[in-house]
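Novice: The structure is given below, and queries will be raised subsequently.
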Amino acid sequence: MNIDILGISVLWIFLWGYIIVASIDFGAGFFGFYSVATGKKHITYAIIERYLSPVWEVTNVFLVFFYIGMVGFFPDTAMYYGTALLVPGSLALILLSIRGAYYAFSNYGSKQNVWYMFLYGATGLLIPAALSTVLVISEGGIIQVIEGKIVLLWSELFSSLYTWSVILLALVSVLYISAMFLTYYAHKAKDKPAYMILRGYALFWSLPTILASLFAFYAISQHNKEHFNNMLSLSWMFIASFICFAIAVFFVWKGRNLGLSFIMVMLQFGFAFFGYGRAHLPYILYPYITIREHFTNETMAIALVAAFIAGLFVLIPSIVLLLRLFLFDAAYVRGTKNKKGGKGSYGK
Amino acid sequence: MTAMYDAVSYSRLLTEITLGFHIIFATIGVGVPVMIALAEWRGIKRNDPYYILLARRWTRGFVITVAIGVVTGTSIGLQLSLLWPSFMQVAGQAIGLPLFMETFAFFVEAIFLGIYLYTWDRFKNPFVHFMLIIPIALAASASAFFITCVNAFMNTPQGFTLENGVIRNVEPIKAMFNPATATKVSHVLSSAYMTCAFVLAAIAAFSLIKGRSDKVYARKALKLTLVAGIIFGITNALIGDFSGKFLAAYQPVKLAAAEWHFETKDKAELIMGGFLTEDNEIKYALKIPYALSILAGGSPNTVVHGLNETPPELQPPLRIHYYFDGMVLIGTLTIAIGVVYLWFSRAKRKKPLPRWLLIAIVCCGPLSVIAIELGWIYAEVGRLPWILVGYMKVEDGATTANNVHIMLLLFCLLYLVLAISCIKVLAKLFRNAHVADELLSLGIEGGKRK
Chain A
-18 MNIDILGISV
-8 LWIFLWGYII
2 VASIDFGAGF
12 FGFYSVATGK
22 KHITYAIIER
32 YLSPVWEVTN
42 VFLVFFYIGM
52 VGFFPDTAMY
62 YGTALLVPGS
72 LALILLSIRG
82 AYYAFSNYGS
92 KQNVWYMFLY
102 GATGLLIPAA
112 LSTVLVISEG
122 GIIQVIEGKI
132 VLLWSELFSS
142 LYTWSVILLA
152 LVSVLYISAM
162 FLTYYAHKAK
172 DKPAYMILRG
182 YALFWSLPTI
192 LASLFAFYAI
202 SQHNKEHFNN
212 MLSLSWMFIA
222 SFICFAIAVF
232 FVWKGRNLGL
242 SFIMVMLQFG
252 FAFFGYGRAH
262 LPYILYPYIT
272 IREHFTNETM
282 AIALVAAFIA
292 GLFVLIPSIV
302 LLLRLFLFDA
312 AYVRGTKNKK
322 GGKGSYGK
Chain B
4 MTAMYDAVSY
14 SRLLTEITLG
24 FHIIFATIGV
34 GVPVMIALAE
44 WRGIKRNDPY
54 YILLARRWTR
64 GFVITVAIGV
74 VTGTSIGLQL
84 SLLWPSFMQV
94 AGQAIGLPLF
104 METFAFFVEA
114 IFLGIYLYTW
124 DRFKNPFVHF
134 MLIIPIALAA
144 SASAFFITCV
154 NAFMNTPQGF
164 TLENGVIRNV
174 EPIKAMFNPA
184 TATKVSHVLS
194 SAYMTCAFVL
204 AAIAAFSLIK
214 GRSDKVYARK
224 ALKLTLVAGI
234 IFGITNALIG
244 DFSGKFLAAY
254 QPVKLAAAEW
264 HFETKDKAEL
274 IMGGFLTEDN
284 EIKYALKIPY
294 ALSILAGGSP
304 NTVVHGLNET
314 PPELQPPLRI
324 HYYFDGMVLI
334 GTLTIAIGVV
344 YLWFSRAKRK
354 KPLPRWLLIA
364 IVCCGPLSVI
374 AIELGWIYAE
384 VGRLPWILVG
394 YMKVEDGATT
404 ANNVHIMLLL
414 FCLLYLVLAI
424 SCIKVLAKLF
434 RNAHVADELL
444 SLGIEGGKRK
């Protein structure tokens, strides 16, 4: 395998990881706020909080990792995307900042503050919309180089059908992925009332997810024929994605094998996402940046791959530890373990 | 509009504000885990629940500051590409390695912070929980290390050649370990540890003045933090001296501008305070003979490079003198106050500390943070007009986009809101949780461990 393919694969895996963990996080924030706003807080909120609390910071790292890796492996992306994304990128950053900070404020500081929770929930839906515009831009036609200056064409961005299809897909997938995960988590916690509500959400959002995917397919055929044709030649990946979706929803509907069901959700998005990415190659930014011509120099690439492998040796055990302590620890999931020593048991 | 649009100034201002804001929380993020580790370790070793409580309470406030540190850190990371795309194109090729490794450190810190927070009472052996703070402290310092490597590279770039804007012959390790790395990293780390010790000491002194907190608890906190503060402070001052020697050897222009040293000569005097008239005359300054030569090379005979040898358009602004003086003054003052405290707490062990001393210690907290800001402004402004010294000017690195001023406004608003909320949340967190109640719940003063 060529080192440039290796580089983009590593980055793509991290982006896929980000989509899964961030979707859980973004959607959970929204469901959390929704449960408070509709007076169902007592039923579902504890489940959501118990999962989110120990991992809130990790989600952000996936994004930073992807971004830094991108600049490291493909430095020219910094030039093109950096210039073009000033406004959408800054807006996404501001939303991410509000979200991250107010999660901590509401969870570790001022409990019960509905305003903080609202900020957290609302940004959870706006961020995926803002971030997904990057995918649109990468398809070409949105960035143009005029007299040596890189310019983002706003009118093109907002008049493109593809833009809206991607934003729609991002929104519904966030709610779908999140609800599917929380259903599994509530089931593990043996929290029947929460499980029933979350299962309802999961089933409710499954149909829009598939419809939005089809819509995105159609939109890309209008926007970038070449990419669409490449996707058609990889159609087995998208079929596999649909089969995974069907299995996942079937299990949730039947109410069994929920762990497997969530793995199927991950595969569903994995197949679609890698199919989409592979069809897009060799372009990172159509038609300006390709993975071969705009790859970093050889020495840096080798150094980065070496650092990456060394990093995995630290990262994987750490993540396994985190999962074992909080995701696969039955007592913690059920909430019977003293979960928040850091808060002390004062005032009780 | 495009012809007149000054994207460079807006980009600079936005970067300055973001970094200035982030650096406060970044410093806390690097130093406080070390202090938490010290307190928890002492608490376990001596079986003293006061120290355990100290670690717990610090941690609780720490999480709030980490949240802001993370989000502002993400902002500055991405802003580098959004505001300085041509710089990042070069940096990505030459210095991508430490940037990349920094995210690993960040990852480890994020994971273990989550674990540490939620496992206080989960292990029978208290050492197991203590072990969890170690990766946090190490990873926090490691990420400071890696990111400071990038900054050091901007000051003394090496490990590549630039031909007509194309980078060749990249040596990632050489770029990372450039001449500025050693002194910069060690100064950043030691100043962060020192600052956090003094900030936490200020909180302890404040609660002693207010009389709200448990006295024994607050005095133990004060002792731990100030002893640590003095040790880190002295280390920091020594490293600062090395930094002076480094500057004399590799960035003489920065040192000369900071010291208003115009003529190249030996037996150079160090200038403290004062101000500069329009025709570069120094007024009302304290001049210490030979001191600059000693700072620069360890001997009064060291020849110190003067500013006049650099063409005016390549000179940094001369106001950096004030930042340098401010930083050194505060550093010295805080160590001195720490030493005075030691004297009082030894000689009159049983008596309460005098009120004026406590007030002085409270002042040390914000002063230390100001010193960090001054030091960074000095280091960064002292590199002007370069973004990559000798390779790329600041105006060539900036974005060509047109909406920077709106983003500047939005980010200012964001930081303002974050700052207010942070203060509000922290104040509420500690006002509602009285030390006495918490001590009781930890099994002190007749209470039973719950």
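Here the protein sequences come in this chain order: A and B.
Just so we're aligned: the first sequence equals residues -18 to 329 in the numbering used here.
Just so we're aligned: the second sequence equals residues 4 to 453 in the numbering used here.
Cβ coordinates follow ideal geometry from the N, Cα and C atoms, glycine included.
This one's a predicted model, so the numbers in the text were calculated from it and none came from an experiment.
#1: For B/Ser296, count the other beta carbons within 10 Å of its own beta carbon; 16 or more makes it buried, fewer makes it exposed. Which is it?
#2: Name, please, each residue of chain A whose Cβ falls closer than 9 Å to the Cβ of B/Leu229.
#3: Distance check for A/Phe47 and A/Leu(-8), CA to CA, integer angstroms please.
#4: Measure the C-alpha to C-alpha separation of A/Ile29 and A/Gly240 and round it to an integer number of angstroms.
#5: What do you reckon, are the CB atoms on B/Pro88 and A/Thr64 nearer than 8 Å?
#6: Which whole-angstrom value is the C-beta distance of B/Cys367 and B/Phe133, which I expect to be below 8 Å?
#7: Ordered along the chain, which non-local residues of its own chain (more than five positions away) have a Cβ less than 6 Å from that of B/Met410?
#8: Taking only the alpha-carbon atoms, compute the straight-line gap between A/Ala151 and B/Ile136 and give it to the nearest angstrom.
#9: Express the C-alpha separation of A/Tyr176 and B/Val93 in angstroms, rounding to a whole number.
#10: Are any of the Cβ atoms in chain A nearer than 8 Å to that of B/Tyr54?
#11: Could you tell me if B/Ile380 is buried or exposed, where buried requires 16 or more neighbouring beta carbons within 10 angstroms of its beta carbon?
#12: When you compare each of A/Arg180, A/Ile124, A/Leu72 and A/Tyr264 to A/Ala111 by their alpha carbons, which one comes out closest?
#13: Give the residues of chain A in contact with B/Ser296, contact being defined as C-beta atoms less than 8 Å apart.
#14: Along chain A, which residues have their Cβ under 7 Å away from the Cβ of B/Gln161?
#15: Looking only at C-alpha atoms, which of B/Lys248, B/Thr164, B/Leu165 and B/Tyr196 sits nearest to B/Gly32?
#16: Any C-beta of chain A sitting closer than 8 Å to the C-beta of B/Ser424?
#17: Closest Cβ-Cβ distance between A/Ile(-11) and chain B: below 8 Å?
#18: Could you tell me the distance, in whole angstroms, from the CA atom of B/Ala155 to the CA atom of B/Phe109?
#19: Run through the DSSP bridge pairs and tell me what B/Phe278 is partnered with.
#20: Which residues mark the beginning and the end of the alpha helix (DSSP H) in which A/Gln125 is found?
#21: For B/Val173, which residues from the same chain have a beta carbon less than 8 Å from its beta carbon, with the 5 sequence-adjacent residues on both sides left out?
#22: Which residues in chain A sit within 7 Å of B/Ile362, going by Cβ to Cβ distance?
#23: Of all Cβ atoms in chain B, is any one closer than 8 Å to the Cβ of A/Met218?
#24: Mind checking the stretch 154 to 181 of chain A against chain B and listing, in chain order, the residues whose C-beta falls within less than 9 Å of any C-beta there?
#25: Between the stretch 96 to 126 of chain A and chain B, which residues of the former have CB atoms less than 7 Å from a CB of the latter, in chain order?
#26: Judging by CA-CA distance, which residue of B/Gly99, B/Cys425, B/Lys213 and B/Arg322 is the nearest neighbour of B/Gly385?
#27: Is A/Asn41 close to chain B, meaning its C-beta is less than 8 Å from at least one C-beta of that chain?
#28: In whole angstroms, what separates the C-alpha of B/Trp359 from that of B/Phe327?
#29: Under the three-state reduction of DSSP, which class applies to B/Tyr325: helix, strand or coil?
#30: So which residues of chain A does B/Ile212 contact, with C-beta pairs closer than 9 Å?
#31: So, does the CB of A/Thr19 fall closer than 8 Å to a CB anywhere in chain B?
#32: How would you list, in chain order, the residues of chain B whose beta-carbon sits under 8 Å from the beta-carbon of A/Ala82?
#33: Mapping the DSSP letters down to three states, classify A/Lys130 as helix, strand or coil.
#34: For B/Gln96, return the contacting residues in chain A, with the cut-off set at a CB-CB distance below 8 Å.
#35: Would you report the Cα separation of B/Glu19 and B/Leu86, rounded to the nearest angstrom?
#36: Assess, as a yes-or-no matter, whether the stretch 426 to 436 of chain B is touched by the stretch 54 to 68 of chain B under the definition of 3 or more beta carbon pairs within less than 8 Å.
Specialist: In short, the structure shows the following:
#1: Position 293 of the second sequence, counted from the first residue, corresponds to residue 296 of chain B. The residue in question, B/Ser296, is buried, as its Cβ has 16 or more Cβ neighbours within 10 Å.
#2: Within the second sequence, the letter at position 226 stands for residue 229 of chain B. Chain A residues near B/Leu229: none, gap ~25 Å exceeds 9 Å.
#3: Translated into the one-based positions of the first sequence, residue -8 of chain A becomes position 11. Translated into the one-based positions of the first sequence, residue 47 of chain A becomes position 66. The straight-line gap from Cα to Cα measures roughly 6 Å.
#4: For this step, residue 29 of chain A is matched to residue 48 along the first sequence. For this step, residue 240 of chain A is matched to residue 259 along the first sequence. It is roughly 17 Å from the alpha-carbon of A/Ile29 to the alpha-carbon of A/Gly240.
#5: As a working note, residue 88 of chain B is residue 85 in the second sequence. As a working note, residue 64 of chain A is residue 83 in the first sequence. Yes, these two residues count as a Cβ contact at 8 Å.
#6: By one-based count along the second sequence, residue 367 of chain B stands at place 364. By one-based count along the second sequence, residue 133 of chain B stands at place 130. Not quite, the Cβ-Cβ distance comes to about 28 Å (not below 8 Å), so this is no contact.
#7: The sequence position of residue 410 of chain B within the second sequence is 407, counting from 1. The answer is none, since no qualifying residue turns up.
#8: Against the first sequence, residue 151 of chain A aligns to sequence position 170. Against the second sequence, residue 136 of chain B aligns to sequence position 133. Near 37 Å, if we compare the C-alpha coordinates of B/Ile136 and A/Ala151.
#9: Start at 1 with the first residue of the second sequence, and residue 93 of chain B comes out as number 90. Start at 1 with the first residue of the first sequence, and residue 176 of chain A comes out as number 195. Inter-residue distance for B/Val93 and A/Tyr176 is about 51 Å (C-alpha atoms, whole angstroms).
#10: Stepping through the second sequence from its first residue, residue 54 of chain B is reached at position 51. B/Tyr54 does not count as touching chain A.
#11: Looking up residue 380 of chain B in the second sequence gives position 377. Buried, because 16 or more other Cβ atoms sit within 10 Å of the Cβ of B/Ile380.
#12: If you number the first sequence from 1, residue 111 of chain A lands on position 130. Nearest to A/Ala111 by C-alpha distance, out of A/Arg180, A/Ile124, A/Leu72 and A/Tyr264, is A/Leu72.
#13: Along the second sequence, one-based indexing puts residue 296 of chain B at 293. Listed by position along chain A, the residues whose Cβ is nearer than 8 Å to that of B/Ser296 form an empty set, because the closest Cβ is around 40 Å away.
#14: As a working mapping, residue 161 of chain B is identified with position 158 in the second sequence. Per Cβ cutoff of 7 Å: no residues; B/Gln161 is ~14 Å from chain A at best.
#15: Here residue 32 of chain B corresponds to residue number 29 of the second sequence, with the count starting at 1. Among B/Lys248, B/Thr164, B/Leu165 and B/Tyr196, the Cα nearest to that of B/Gly32 is on B/Tyr196.
#16: Translated into positions along the second sequence, residue 424 of chain B becomes position 421. Interface residue, yes.
#17: Taking the first residue of the first sequence as position 1, residue -11 of chain A is located at position 8. By this cut-off, A/Ile(-11) is not an interface position.
#18: Stepping through the second sequence from its first residue, residue 155 of chain B is reached at position 152. Stepping through the second sequence from its first residue, residue 109 of chain B is reached at position 106. The straight-line gap from Cα to Cα measures roughly 20 Å.
#19: Locating residue 278 of chain B in the second sequence gives position 275, counting from the first residue. Beta-bridge analysis with DSSP links B/Phe278 to B/Lys286.
#20: Walking along the first sequence from the start, residue 125 of chain A turns up at place 144. Judged by DSSP secondary structure, A/Gln125 falls outside any alpha helix (DSSP H) and instead within the beta strand (DSSP E) spanning Ile124 to Ile127.
#21: The count along the second sequence starts at 1 and reaches residue 173 of chain B at position 170. Only residues of its own chain outside the window of five on either side were considered, and among them Gln96, Ala97, Gly162 and Phe163 have a CB closer than 8 Å to the CB of B/Val173, listed in chain order.
#22: Taking the first residue of the second sequence as position 1, residue 362 of chain B is located at position 359. Below the 7 Å Cβ cutoff, chain A contributes no neighbours of B/Ile362, its closest Cβ being approximately 28 Å away.
#23: In the first sequence, the residue the question calls residue 218 of chain A occupies position 237. Cβ-Cβ to chain B under 8 Å: no for A/Met218.
#24: Within the stretch 154 to 181 of chain A, not one residue has a Cβ closer than 9 Å to any Cβ of chain B.
#25: Here the close residues number zero.
#26: Counting from one through the second sequence, the residue named residue 385 of chain B turns up at place 382. Ranking B/Gly99, B/Cys425, B/Lys213 and B/Arg322 by Cα distance to B/Gly385 puts B/Arg322 first.
#27: Along the first sequence, read from residue 1 onward, the residue named residue 41 of chain A stands at position 60. It does: the Cβ of A/Asn41 has a partner Cβ on chain B nearer than 8 Å.
#28: Along the second sequence, read from residue 1 onward, the residue named residue 359 of chain B stands at position 356. Along the second sequence, read from residue 1 onward, the residue named residue 327 of chain B stands at position 324. Answer to the nearest angstrom: the Cα atoms are 28 Å apart.
#29: The residue labelled residue 325 of chain B in the question sits at position 322 within the second sequence. Correct three-state label for B/Tyr325: helix.
#30: On the second sequence, residue 212 of chain B is found 209 positions in, with the first residue counted as 1. Residues of chain A passing the Cβ test: none, with the nearest at roughly 23 Å.
#31: As a working note, residue 19 of chain A is residue 38 in the first sequence. By this cut-off, A/Thr19 is not an interface position.
#32: The count along the first sequence starts at 1 and reaches residue 82 of chain A at position 101. In chain order: Ala70, Ile71, Val74, Leu421, Ser424 and Cys425.
#33: Within the first sequence, numbered from 1, the residue matching residue 130 of chain A stands at position 149. Strand, per DSSP.
#34: Looking up residue 96 of chain B in the second sequence gives position 93. Neighbours of B/Gln96 on chain A, chain order: Pro56, Thr277, Asn278 and Met281.
#35: One-based indexing of the second sequence puts residue 19 of chain B at position 16. One-based indexing of the second sequence puts residue 86 of chain B at position 83. Going by the C-alpha atoms only, they are around 12 Å apart.
#36: Of all C-beta pairs linking the stretch 54 to 68 of chain B to the stretch 426 to 436 of chain B, three or more are shorter than 8 Å, placing the two stretches in contact.
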